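Pasting the structure below:
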């Protein structure tokens, strides 16, 4: 089994943090995004969608999508449960994970992909026909990010972690998202509860995975 | 337990189809999107995000996000497994569900929300500060939809259902997405495998839920 990985990108980092929290070690194959190795013929033969991460199983089947890769490991290694164990914990973790992705991660990606010259005609991650950048999307991303951060900050005023009493996949998703957003120029200044939570999440050994 | 629901919108329909496949019946409260009832003070007191569906539990807790609502029921009612039972089935279903959402559903939403005058300054679903429409996003949605539909069509040439041998949450997600895209003017003409699959998925009694 091999994980196709990339050093600083948010989605592979989500999988690495997840695996570190579970204590799972697997072979990792670096893909150099700065050289667009994810769009090379060799990598497209592994993942035609041209994105990392991708998990190649021993029989050759390739699993894409960071959440799907994590759920694959979760099904085989249920403890500790990072996607929840009871119906209500499962629902809370999935709900927050989805909200962080659709409101926060998407906002960061809008800002990141639609302003930097390096992504000209590559407005969406992965292998696509030419997709022009849309500068107004960076503006939309900033509006969404501010509203998202305020909502998350208010929520974190009520508990230590994001979904229920324990650290979960929602926290992993949020950590990756907040750090990615910072790279896109979107901050959480003034959000004291996020600051407290971020310090605790970033202090876990998994955060450096 | 009550499900806040809306007649034609794709996300509530995803939950209704899921519940019909599982044979679960619960109280449903209609929210009239044509009158913007989802943005009324009364509904925002239930779901401050201003979106449907929302599941109100008997203790008053509210679960948002259609996938989270379905996973709540799946945890309590595992058979038949619509999110998979083995690690590989779980991974395949999650991977395809995510791909359908990020490449197909997002494309349809781009086209739908950024062209109709009724969504002026409401470019994203739910309760947000004013978010101007971006006409170029409708164009981006069309480019993404074509590539997504071609990829799904090719994939459906290899099997009856989308993820593995059985009908799953990925098929529910795709049915809702393809029908929503059609409302946004994005079709699957020329995609014969999708046509065959759509006919089979739409013929299930759950499709009319």
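Residue numbers (the working numbering), protein chains in the order written: chain A, -8 to 200; chain B, -8 to 200. Note that beta-carbon positions come from the ideal geometry of N, C-alpha and C, so glycine has one too. Predicted model only: the values in this text are computed from it and were never measured.
Query	Result
When you compare only the Cα positions, how much space is there between residue 40 of chain A and residue 146 of chain A?	35 Å
Going by C-alpha to C-alpha distance, which of B:1, B:74, B:93, B:152 sits closest to residue 42 of chain A?	B:93
On the three-state DSSP scale, how would you describe residue 158 of chain B?	coil
Excluding the 5 residues preceding and the 5 following residue 17 of chain A in the sequence, name in chain order all residues of the same chain whose CB lies nearer than 6 Å to its CB.	-8, -6
Could you compute how far the alpha carbon of residue 140 of chain A sits from the alpha carbon of residue 72 of chain A?	26 Å
Any idea if residue 168 of chain B is buried or exposed, counting beta-carbon neighbours within 10 angstroms, 16 or more meaning buried?	buried
With a cut-off of 8 Å, does the C-beta of residue 119 of chain B fall near any C-beta of chain A?	yes
Over what stretch of residues does the beta strand (DSSP E) that includes residue 113 of chain A continue unbroken?	No beta strand (DSSP E) contains residue 113 of chain A, which DSSP labels as neither H nor E.
Please check if any C-beta of chain B sits within less than 8 Å of the C-beta of residue 5 of chain A.	no
How about residue 105 of chain A and residue 117 of chain A: do their beta carbons lie closer than 8 Å?	no
For residue 37 of chain B, which residues of its own chain have a beta-carbon under 7 Å away from its beta-carbon, when the five flanking residues on both sides are left out?	-5, 45, 47, 53
Report yes if the C-beta distance between residue 112 of chain B and residue 126 of chain B is below 8 Å; otherwise report no.	no
Grab me the residues of residue 1 of chain A's own chain with a C-beta within less than 6 Å of its C-beta, minus the 5 sequence neighbours each way, in chain order.	167, 171
What's the call for residue 162 of chain B, buried or exposed, on a 16-neighbour Cβ count within 10 Å?	buried
For the beta strand (DSSP E) holding residue 58 of chain B, just list the boundary residues, first then last.	Premise fails: residue 58 of chain B lies in the alpha helix (DSSP H), 57 to 67, not in any beta strand (DSSP E).
On the three-state DSSP scale, how would you describe residue -4 of chain B?	strand
Would you report the Cα separation of residue 97 of chain A and residue 191 of chain A, rounded to the nearest angstrom?	24 Å
By DSSP, does residue 46 of chain B sit in helix, in strand, or in coil?	strand
Determine, using beta carbons only, whether residue 138 of chain B and residue 102 of chain B come nearer to each other than 8 Å.	no
Do residue 10 of chain B and residue 200 of chain B count as a contact pair if the criterion is CB distance below 8 Å?	yes
So, under 8 Å CB-CB, residue 76 of chain A and residue 81 of chain B are touching, yes? Tell me the CB distance rounded to an integer number of Å.	Contact flag wrong, Cβ pair sits at about 15 Å.
Could you spell out the range, first to last residue, of the beta strand (DSSP E) harbouring residue 20 of chain B?	18 to 21
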